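Protein chains in written order, with the working numbering: chain A, 1 to 352; chain B, 353 to 704.
Cβ coordinates follow ideal geometry from the N, Cα and C atoms, glycine included.
Quick caveat: nothing in here was measured; it's all calculated off a predicted structure.
Read through the structure below, which is laid out as structure tokens, and then see the notes.
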């Protein structure tokens, strides 16, 4: 059996769980490489993937004998089959954060489950720690993002629209990767004050501030980087804000390491911003992997510890409504004694 | 109050529901035009939207006084506020197909809800019937899709890859619409046997079969069209399959009207395919609106009636594993006595 399924079966044993239903397609892809619509059942003895006729061919071409996964077309699974899958299972786990309340009720009926137990993100927690192959994909995605940013700095000229720049980034990624990790954010002028704004038809001015938040996917793994930069020169009123954001981004990088507490890390930035009259209005960071936002979350709400080989963002930002915003973000890998920035683009004032 | 919220409040009254929590962002956008992350609460007297600081500015610029929506930053909502929202409500509705089991448990605690009741897709059911403005957007999205298809027929040349063609379609849409309604499917040769295949680097041959499934979004509303066509000539072995699919697509169009039963419609196509030794391995159609797949579903599992001003696809297909596949799909509007095809591209043999 493949190593990830084997790990999960050991975990189930330790939790006294004889069966498990997995619905989250990202978790299924993580465990099996299957990228389709369907559900994965871990019964006492078998790993079963139930899909429909649209995906059967594709799924068969993905799984190997080594995976030990039996693939069914939902059309061929009878009412009795469903009732038999977990027949001798006392406890069957389910993804309580993923399946809907309606699905929960349906499964209890359909699978005749004795004791349906919450699994508290067991797979997501395992996904936080990246193995060698995952790290290679993340590094590659970040490297291409650095290259793309370098290219886009040379591409941008006053008169171009935010949308046009976002399209050019998408084109760059498309020819080199599996595509975007998320919709590219390109904002300019007063639009930069919206942390999650959408690229508009606003044209780049001769003296302008621009924020780009960008990332791509390589073999299913994401990158995430933001830079705020300037056309012509850095306006005096922006300099102190930029410096404050950068200072905190660098300090956070210095604090990111195995054992660091996510709430404390966030609190430190928040406090420093408050000293100067600003707020940290979003998280300081988030895990990056098969999803662009995944555990662990680095925020005030999240009280957890960073661990070796987690990959997270470090992205402080300050936004002044109607005026401008500054965010600087890297994707970094946590190590025993520090961290390695996987995105490596310039962070001091960038002027084009 | 805006008409859609007013409709929903009337519906709630008739269901003896004093409060309602809406989580599905598409339903929220349908009711309020808000396109952000947050939840919509309909309490006894107020419409409340709770979002976070990332979206506050954008939400404020969307809602009008006429909507009568109070917008909160989640940061400013206290534990007491949550407990007070539904204080005098006997029954509070929730979207049981949308919220997770974990969220369901959390809400009961957080909102101190007496009786949390399932709403059985009330908003989705209303969304099935399109109003005049929605129809205008759907027509526009379909018209641009026809134009794009015409353009792409002139663009395709042997030697181009499936991916390259998909990119060109995306580019076309990007400059004219809000973007793709779904990832464009471009398949050629034996790849056409996978109904939901992903464009690959396979190059178009001099004698080839090509299937393109494409759609865009206009003001949030989708289009969906598929054509299977040929390079050079139509191979003799494919002709009978193409003719059979086309015959059934035309017959279905003739049957699509107010009152028609979705299961019977599907059964008719299925039976005709079986006569010739083929299967209908996917649905015959699905609703199209703010989502590319939405209610009503036209399939064997769905026993419902088409109604005036529903917009659905009509997409029979036959797939022969390892050899080829044929699908012909239009987006059509149901009327009292028939239907109007919103996508109007040629359906007889297309040879490029």
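- In this structure, residue 568 (chain B) and residue 513 (chain B) do not form a Cβ contact; the two beta carbons are roughly 22 Å apart against a cut-off of 8 Å.
- With 16 or more neighbouring CB atoms inside 10 Å of its own CB, residue 130 (chain A) falls in the buried class.
- Between residue 213 (chain A) and chain B, the shortest Cβ-Cβ separation is not below 9 Å.
- Residue pairing by DSSP places residue 91 (chain A) opposite A:115 in a beta bridge.
- Contact check between the stretch 453 to 468 of chain B and the stretch 91 to 107 of chain A: three or more CB pairs, one atom from each, fall below 8 Å, which counts as touching.
- The three-state reading of DSSP puts residue 144 (chain A) in helix, counting H, G and I together.
- Within the model, the alpha-carbon separation for residue 27 (chain A) versus residue 516 (chain B) is close to 30 Å.
- Between residue 313 (chain A) and residue 329 (chain A), the CB-CB gap stays under 9 Å.
- Membership of residue 226 (chain A) in the beta strand (DSSP E) is indicated by the continuous run 225 to 231.
- A residue is called buried when at least 16 other Cβ atoms come within 10 angstroms of its Cβ; residue 233 (chain A) does not meet this threshold and is exposed.
- With the criterion set as a beta carbon lying under 9 Å from some beta carbon of chain A, the members of the stretch 509 to 528 of chain B are 515, 519, 522, 523, 526 and 527, in sequence order.
- Following the DSSP letters along the chain, one finds residue 423 (chain B) inside the beta strand (DSSP E) bounded by residues 421 to 425.
- Along the stretch 535 to 547 of chain B, the positions whose C-beta sits under 8 Å from a C-beta of chain A are 545, 546 and 547, read in chain order.
- Residue 53 (chain A) reaches chain B at 547, 631, 633, 634 and 671, counting residues in chain order whose Cβ is nearer than 9 Å.
- In the DSSP assignment, residue 693 (chain B) falls within the beta strand (DSSP E) that extends over 691 to 693.
- When the alpha-carbon of residue 251 (chain A) is set against those of A:327, A:265 and A:259, the nearest one is in A:265.
- Approximately 7 Å separates the beta-carbon atoms of residue 437 (chain B) and residue 400 (chain B); this is inside 8 Å, confirming the contact.
- Here residue 158 (chain A) is near residue 204 (chain A), since their CB atoms are less than 9 Å apart.
- According to DSSP, residue 310 (chain A) shares a beta bridge with A:129.
- Counting only runs of 3 or more residues that sit fully inside the stretch 506 to 585 of chain B, the beta strand (DSSP E) segments are 537 to 540, 560 to 566 and 577 to 583, in chain order.
- Residue 583 (chain B) counts as buried, since at least 16 other C-beta atoms from the protein chains shown sit within 10 angstroms of its C-beta.
- Within the stretch 247 to 310 of chain A, the beta strand (DSSP E) runs of at least 3 residues that lie entirely inside it are, in chain order, 285 to 287 and 294 to 298.
- Beta-bridge partners assigned by DSSP to residue 417 (chain B): none are found.
- With respect to chain A, the C-beta atom of residue 452 (chain B) has a partner C-beta closer than 9 Å.
- Inclusion of residue 8 (chain A) and residue 42 (chain A) in the CB contact set at 9 Å is warranted, their separation being smaller than that value.
- Taking a beta-carbon distance threshold of 9 Å, residue 94 (chain A) counts as an interface residue toward chain B.
- Closest in alpha carbon position to residue 124 (chain A), among A:148, A:142, A:172 and A:30, is A:30.
- In terms of Cβ geometry, residue 566 (chain B) and residue 537 (chain B) form a close pair [threshold 9 Å].
- Under the three-state reduction of DSSP, residue 597 (chain B) is assigned to helix.
- Contact annotation for residue 638 (chain B) against chain A: no contact, minimum CB-CB distance about 13 Å [criterion: below 9 Å].
- If you keep only unbroken alpha helix (DSSP H) runs of at least 4 residues inside the stretch 353 to 419 of chain B, you get 355 to 366, 377 to 384 and 408 to 414.
- In this structure, the CA atom of residue 416 (chain B) is about 22 Å from the CA atom of residue 429 (chain B).
- Three or more beta-carbon pairs drawn from the stretch 278 to 288 of chain A and the stretch 255 to 270 of chain A are found closer than 8 Å, and the two stretches are therefore classed as touching.
- Within the DSSP bridge table, the entry for residue 324 (chain A) names A:320 as partners.
- Taking the Cα positions, residue 607 (chain B) is about 7 Å away from residue 690 (chain B).
- Take the alpha-carbon of residue 299 (chain A) and the one of residue 154 (chain A): they are about 35 Å apart.
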